[in-house]
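Each remark here refers to the structure printed beneath this line.
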Amino acid sequence: MVNVGDMLVGYATNEDVRKRGASGGLVTAVLAAALEKGLVENVVVMKHINEFEAVPIITDDVDEVLASTGSLHSVPVNLAKYAMGRKVAMPAKPCDAQAVIEQAKRGMIDLDNTYVVGLNCGGSMHPVTTKKMLVEMYDIDPEDVVGEEIEKGKLIFKTKNGEEMAIAIDELEEAGFGRRESCRYCTLKIPVNADLACGNWGVIGDKAGSATFCQVMNDKGVKLLDNAIEAGRIEVEPASDKAIAIRAKVNDVMVNLGNTLEKEIFPEIPDEERMQYYMEPMADCIDCGACKEVCPVCACGEDSKCTMFHSLVDNYKMSMYHMVRLLHLSDSCIACGQCSDVCPSDIPITLLQSSFAIPSQRKREYTPGMNVDDVPPFFEVILK
Amino acid sequence: MIGNVYQTVCPGCNMGCGLYMREDEEGALAVDFMKSSPANLGKLCRFGMKLAHHYSKATSMVDGTESSVEDAVKAASDKLKGADVTMLGVGNTTNEESLAFSKVADALGTVVNTGMGVYSELPTECHPTVGVGITLDEIESANRIALFVDPYIQYPLLVRRILAAKKIGASVVSVGWKDLHLADENRYIDPDLYESELGLDSESVIIADVHPNTDPGWVKRMLNLALKTQAKILFMKPFVNATGVDLLCKGTGQKGISEIMDGINEGSIKTLVTLNSDPIELMPDGDAVAATLTKLDNLIVISSRDGPVNKMADIVIATEPLYAKAGSFMNVEGLLLNNSGESTTGIDAMSTLSQNLGGEAMDYQNLHNNVLESIVQKYTKPKYKELACEVLDIGPVEEKGNLIYLYNPFMWFDQSDDNDFVMVNMNMVNKLGLSKGGMIALTSDAGTVNMRYRVEDMPDGLILTAKKLPVATEWTTIVSTEAV
Amino acid sequence: MAEEGWEPKIVAFCCNWCSYGGADTAGMGRFQQPASTRVIRVMCSGRIDPLHVFNAFLEGADAVLVTGCHIGDCHYVNGNEKTEVKYKFLEEMLQQLGLEPDRLHLNWISASEGERFANFINDVTAKVKELGPSPLKPAGVK
Numbered sequence: 000m001v002n003v004g005d006m007l008v009g010y011a012t013n014e015d016v017r018k019r020g021a022s023g024g025l026v027t028a029v030l031a032a033a034l035e036k037g038l039v040e041n042v043v044v045m046k047h048i049n050e051f052e053a054v055p056i057i058t059d060d061v062d063e064v065l066a067s068t069g070s071l072h073s074v075p076v077n078l079a080k081y082a083m084g085r086k087v088a089m090p091a092k093p094c095d096a097q098a099v100i101e102q103a104k105r106g107m108i109d110l111d112n113t114y115v116v117g118l119n120c121g122g123s124m125h126p127v128t129t130k131k132m133l134v135e136m137y138d139i140d141p142e143d144v145v146g147e148e149i150e151k152g153k154l155i156f157k158t159k160n161g162e163e164m165a166i167a168i169d170e171l172e173e174a175g176f177g178r179r180e181s182c183r184y185c186t187l188k189i190p191v192n193a194d195l196a197c198g199n200w201g202v203i204g205d206k207a208g209s210a211t212f213c214q215v216m217n218d219k220g221v222k223l224l225d226n227a228i229e230a231g232r233i234e235v236e237p238a239s240d241k242a243i244a245i246r247a248k249v250n251d252v253m254v255n256l257g258n259t260l261e262k263e264i265f266p267e268i269p270d271e272e273r274m275q276y277y278m279e280p281m282a283d284c285i286d287c288g289a290c291k292e293v294c295p296v297c298a299c300g301e302d303s304k305c306t307m308f309h310s311l312v313d314n315y316k317m318s319m320y321h322m323v324r325l326l327h328l329s330d331s332c333i334a335c336g337q338c339s340d341v342c343p344s345d346i347p348i349t350l351l352q353s354s355f356a357i358p359s360q361r362k363r364e365y366t367p368g369m370n371v372d373d374v375p376p377f378f379e380v381i382l383k
Numbered sequence: 000m001i002g003n004v005y006q007t008v009c010p011g012c013n014m015g016c017g018l019y020m021r022e023d024e025e026g027a028l029a030v031d032f033m034k035s036s037p038a039n040l041g042k043l044c045r046f047g048m049k050l051a052h053h054y055s056k057a058t059s060m061v062d063g064t065e066s067s068v069e070d071a072v073k074a075a076s077d078k079l080k081g082a083d084v085t086m087l088g089v090g091n092t093t094n095e096e097s098l099a100f101s102k103v104a105d106a107l108g109t110v111v112n113t114g115m116g117v118y119s120e121l122p123t124e125c126h127p128t129v130g131v132g133i134t135l136d137e138i139e140s141a142n143r144i145a146l147f148v149d150p151y152i153q154y155p156l157l158v159r160r161i162l163a164a165k166k167i168g169a170s171v172v173s174v175g176w177k178d179l180h181l182a183d184e185n186r187y188i189d190p191d192l193y194e195s196e197l198g199l200d201s202e203s204v205i206i207a208d209v210h211p212n213t214d215p216g217w218v219k220r221m222l223n224l225a226l227k228t229q230a231k232i233l234f235m236k237p238f239v240n241a242t243g244v245d246l247l248c249k250g251t252g253q254k255g256i257s258e259i260m261d262g263i264n265e266g267s268i269k270t271l272v273t274l275n276s277d278p279i280e281l282m283p284d285g286d287a288v289a290a291t292l293t294k295l296d297n298l299i300v301i302s303s304r305d306g307p308v309n310k311m312a313d314i315v316i317a318t319e320p321l322y323a324k325a326g327s328f329m330n331v332e333g334l335l336l337n338n339s340g341e342s343t344t345g346i347d348a349m350s351t352l353s354q355n356l357g358g359e360a361m362d363y364q365n366l367h368n369n370v371l372e373s374i375v376q377k378y379t380k381p382k383y384k385e386l387a388c389e390v391l392d393i394g395p396v397e398e399k400g401n402l403i404y405l406y407n408p409f410m411w412f413d414q415s416d417d418n419d420f421v422m423v424n425m426n427m428v429n430k431l432g433l434s435k436g437g438m439i440a441l442t443s444d445a446g447t448v449n450m451r452y453r454v455e456d457m458p459d460g461l462i463l464t465a466k467k468l469p470v471a472t473e474w475t476t477i478v479s480t481e482a483v
Numbered sequence: 000m001a002e003e004g005w006e007p008k009i010v011a012f013c014c015n016w017c018s019y020g021g022a023d024t025a026g027m028g029r030f031q032q033p034a035s036t037r038v039i040r041v042m043c044s045g046r047i048d049p050l051h052v053f054n055a056f057l058e059g060a061d062a063v064l065v066t067g068c069h070i071g072d073c074h075y076v077n078g079n080e081k082t083e084v085k086y087k088f089l090e091e092m093l094q095q096l097g098l099e100p101d102r103l104h105l106n107w108i109s110a111s112e113g114e115r116f117a118n119f120i121n122d123v124t125a126k127v128k129e130l131g132p133s134p135l136k137p138a139g140v141k
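This is the structure in structure tokens:
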């Protein structure tokens with residue numbers, strides 16, 4: 000029996016899963032057990048295509064879960080939308096878990112039916128940029144890469160012949176590579192908003208590299224772990240004080256870095272220049288609608304205010320679509336970066352959107368996606 | 000896995016945008032972003048985003064009744080045996096299917112027309128450059144970019160490449176039909192002045208396009224501009240595998256679609272076989288084409304999509320949707336892109352057809368190997384082919400009308416979009432006294448149509464449309480205007 | 000900045016029960032006010048969606064006024080409280096966008112406050128005249 004609040008170190012009992020998993024295969028084993036024992040009907044996993052490519056799939060096949068990949072820093076997708084309308088378990092970066100909670104607040108996801116196994120995340124990278132970086136900064140053939148890791152501010156790649164190469168993230172980002180912009184100023188690194196918060200930070204000594212640190216966040220987390228233990232898929236033991244301290248320290252370093260970078264990334268723009276600052280990049284918009292489609296907190300469906308009141312026949316200085324979205328997302332944007340990723344005109348939408356959302360959310364001491372009971376500021380309209 | 004996920008390429012143009020097509024338990028389609036795709040980093044334009052609506056399942060038909068693929072193939076073989084056949088395949092399908100189609104042509108003693116009439120008017124030395132231009136990455140390192148297309152509407156995934164070039168100092172000059180936000184200069188000048196006025200040199204890039212309705216004189220002008228200024232050139236094309244099909248059907252004296260239509264009208268063409276190419280959608284005046292097609296003795300359509308030509312066809316051989324096909328595509332920069340699908344219905348049908356006509360049997364693997372040998376070896380590492388031709392005699396330039404088609408993927412498939420309007424400038428609004436929310440009436444020999452309008456910065460008197468209009472008879476048509 | 004003799008266009012959303020009456024009273028009472036205002040009557044200020052305000056600006060309004068009954072006097076119990084909630088977000092957003100704060104106002108005006116309405120319009124018109132045309136005004140709109 001585990002309890003809410005427990006700090007554990009665990010690993011998959013299956014040797015193969017343990018070896019292949021990013022760090023002990025605990026997450027994979029927990030997901031497999033949830034499916035196997037009927038806790039859920041489906042699992043969302045990333046189907047591995049290569050080291051820089053994986054595609055989210057929904058499966059009811061335990062073998063497919065076991066065969067799924069560990070965490071991949073270079074496949075930055077948000078999984079929340081794949082979990083909708085199902086009794087499902089899923090692995091989740093902190094921003095995936097945030098999106099799941101925001102969707103739950105809007106009645107699109109039933110949290111009782113959604114098990115979220117959180118993974119620590121130091122940031123993710125764009126696959127094509129990563130390949131370019133490997134060639135230019137690491138002098139490694141992208142084909143030779145078999146694993147990667149972010150640790151102590153360094154990005155580490157492992158190659159086929161067992162070599163490891165680490166370069167400081169600062170240095171990579173200085174050179175225009177490294178993590179996606181929104182990850183740089185993100186300060187939620189441990190998914191304390193998920194049911195379980197897992198990761199390799201704090202896994203020390205002989206277990207380093209072959210076990211997972213796991214914090215039990217709530218009753219669903221208890222269920223997930225108990226279920227996996229009962230199924231014989233994992234073994235856990237309490238984490239040592241030292242392990243807990245190290246995990247917290249790694250987190251502090253990452254969060255401080257995020258805070259520092261936020262100041263660098265968001266320029267101070269004089270009032271009279273701000274309109275031009277926003278209008279200029281948005282004028283390159285081709286109205287594809289991808290930023291809405293991919294937005295993991297948007298719960299409006301296809302016909303929504305931003306699309307229905309926007310028409311290509313209007314040649315407005317700024318489109319209704321953008322104006323509505325800038326306002327509408329200011330209480331719910333989690334800065335996951337999906338919109339910037341998919342923008343065909345390379346408009347830094349996440350950055351622009353964050354410039355509205357961050358001040359608005361801070362003013363109200365509200366962080367979206369942390370707790371399903373935190374009422375979104377816009378909901379005040381309904382409550383009064 | 001629940002449902003299916005296919006790795007495929009967007010059929011909107013030959014940029015080669017990778018994407019995932021997700022098919023759920025009920026067969027409903029959704030597009031997903033393939034961020035590792037080199038041409039587009041997973042990004043998609045408006046057409047790509049709406050791709051799920053693009054696929055409408057074709058049904059095999061024989062003389063108006065539904066049939067199996069086998070029966071349709073058999074009926075087609077009977078009609079084609081000994082006939083004088085014209086074949087059209089513009090490249091809306093894989094290399095392998097295109098190759099299979101050309102083997103059917105071999106069996107019939109004919110050739111596959113790619114519909115790009117312009118090629119036959121260009122010296123063969125310059126074909127490689129027209130087919131495969133500079134790489135998309137190279138656009139980003141140009142010092143100056145001359146745009147003869149509107150990237151926002153026509154080839155949207157070019158926008159980010161041009162912006163990337165600008166970020167590191169490139170200047171952009173647009174010589175299109177309307178002002179572009181990303182252009183530093185928007186010029187509307189006499190074509191004779193391009194060489195002296197556009198400021199191009201060997202570090203510059205010219206971006207233009209060729210399509211079935213391109214004026215050959217225009218392409219020659221572009222080539223001459225590149226030759227005289229030493230600038231590199233990129234010709235975008237509207238069909239996903241336009242580049243591949245051109246390389247596979249080399250040296251066939253390709254006919255344009257309008258020449259084929261002329262042939263039908265004159266009675267010299269009696270049998271037409273199309274592969275994923277709907278002339279009603281492709282030609283500016285769909286109604287005129289539909290009227291022409293009724294003069295055929297035999298119209299045989301091989302297609303993965305339902306379209307207006309299917310409804311007119313004597314025989315429809317329905318194949319699997321593009322995303323599910325086994326096969327490859329070649330994009331505008333000569334990059335070979337593979338589908339993850341494994342279905343070969345289309346190829347198998349064409350193999351049977353070929354055998355019934357006394358030709359060879361084909362299977363996917365052989366065709367694929369053949370594709371690799373015949374085109375990929377030359378183009379494995381995309382590399383710009385320097386222009387090898389001499390400066391060309393342009394010949395007479397077509398008279399232009401004032402209503403102009405701004406071709407885009409929706410238009411090539413005659414697919415609806417939120418583009419039910421024309422673009423005019425403020426002077427025309429004032430001159431005609433158009434009212435806010437009102438309409439403009441366009442009248443040509445083909446009738447009148449009332450359209451909403453959008454105001455753009457563009458030359459006086461022009462009317463642009465991103466949607467096919469019934470009043471248009473060519474890609475450019477003379478219309479009179481009036482306020483409604 | 001603004002041309003000589005330029006008159007701003009001001010869109011005033013007025014609720015049926017109070018502020019529209021206020022506008023009416025202002026007219027009846029012959030209080031001097033400029034011809035810059037376009038009044039749009041809605042049943043309740045709570046009906047005014049931020050997107051109506053965006054649309055007014057994008058179509059060429061130089062200022063937009065959101066008006067309704069005094070808090071506590073709403074004909075629909077608490078419609079204007081909802082207006083207030085929405086307005087807070089709208090105001091913040093437009094300021095962040097860089098639109099001058101004087102171009103957007105919220106004001107509660109009862110049906111009898113004709114003079115208050117007229118003064119309000121006069122004040123806003125004077126301020127907007129100083130600012131000149133809105134940066135969101137489309138080409139071709141005066």
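If you're matching them up, the sequences are chains R, U and D in order.
Sequence positions in the first sequence follow numbering that gives the first Met the number 0 and run 0 to 383.
Sequence positions in the second sequence follow numbering that gives the first Met the number 0 and run 0 to 483.
Sequence positions in the third sequence follow numbering that gives the first Met the number 0 and run 0 to 141.
For glycine and all other residues, C-beta sits at the position ideal for the given N, C-alpha and C.
Check: phenylalanine 88 of chain D C-beta below 7 Å from any heavy atom of the ligand MN: Summarising the ligand content, the structure contains no ligands, and the ligand MN is consequently not present.
Best match in R/Asp138, R/Glu234, R/Gly208 and R/Cys185 for proximity to asparagine 250 of chain R [C-alpha to C-alpha]: R/Cys185
Partners in chain U for alanine 138 of chain D, counting only beta-carbon separations shorter than 9 Å: Met425, Val454 and Asp456
Range of the contiguous alpha helix (DSSP H) that encloses serine 18 of chain D: 18-27
Straight-line Cα distance separating isoleucine 381 of chain R from alanine 323 of chain U: 46 Å
Neighbour list for valine 428 of chain U in chain D, Cβ cutoff strictly below 8 Å: Gly139
Cβ distance (whole Å) where glycine 15 of chain U is taken to contact cysteine 44 of chain U below 8 Å: Not really, about 13 Å apart at Cβ, beyond 8 Å.
Min CB distance glycine 4 of chain D to chain R below 8 Å: no
Any C-beta of chain D under 8 Å from that of leucine 405 of chain R: An answer regarding residue 405 of chain R cannot be provided, because it is not within the stretch 0 to 383 covered by chain R.
Proximity of alanine 511 of chain U and glutamate 202 of chain U at Cβ, strictly below 8 Å: Examination of residue 511 of chain U is not possible in this model, given that chain U is present from 0 through 483 alone.
Unbroken beta strand (DSSP E) run spanning isoleucine 144 of chain U, endpoints: 143-146
Cross-chain neighbours of methionine 92 of chain D in chain A, by beta carbon under 9 Å: The chain labelled as chain A is not found among the protein chains of the depicted structure, namely R, U and D.
Closest by C-alpha distance to threonine 134 of chain U, when choosing among U/Ile205, U/Glu69, U/Ile279 and U/Phe412: U/Ile205
Isoleucine 301 of chain U, buried or exposed, once every other Cβ within 10 Å from all chains shown has been counted against 16: buried
Any chain R beta carbon closer than 8 Å to lysine 81 of chain D: yes
8 Å Cβ cutoff, tyrosine 114 of chain R in contact with chain D: no
DSSP state of valine 76 of chain R mapped onto helix, strand, coil: coil
Alpha carbon of valine 394 of chain R to alpha carbon of alanine 207 of chain R, nearest angstrom: The structure shown does not extend to residue 394 of chain R, since chain R spans only 0 to 383, so no value can be given for it.
Within 8 Å, strictly: CB atoms of glutamine 95 of chain D and serine 353 of chain R: no
Proximal chain U residues relative to alanine 282 of chain R, where beta-carbon distance stays under 8 Å: His180
Of the residues U/Leu121, U/Leu247 and U/Thr318, the one placed nearest glycine 90 of chain U, counting alpha carbons only: U/Leu247
Continuous alpha helix (DSSP H) stretch holding tryptophan 474 of chain U: start and end: No alpha helix (DSSP H) holds tryptophan 474 of chain U; DSSP gives it neither H nor E.
Which of helix, strand or coil DSSP assigns to glycine 4 of chain R: coil
Start and end residues, alpha helix (DSSP H) containing glutamine 31 of chain D: Taken as a continuous stretch (DSSP letters only), glutamine 31 of chain D belongs to no alpha helix (DSSP H), as it is neither H nor E.
Uninterrupted beta strand (DSSP E) stretches inside the stretch 287-369 of chain U (no shorter than 3 residues): 297-302, 314-317, 327-329 and 335-337
Min CB distance threonine 58 of chain R to chain U below 8 Å: yes
Chain R contact for phenylalanine 100 of chain U (CB, 8 Å cutoff): no
Alpha-carbon spacing of isoleucine 100 of chain R relative to asparagine 370 of chain R, whole angstroms: 7 Å
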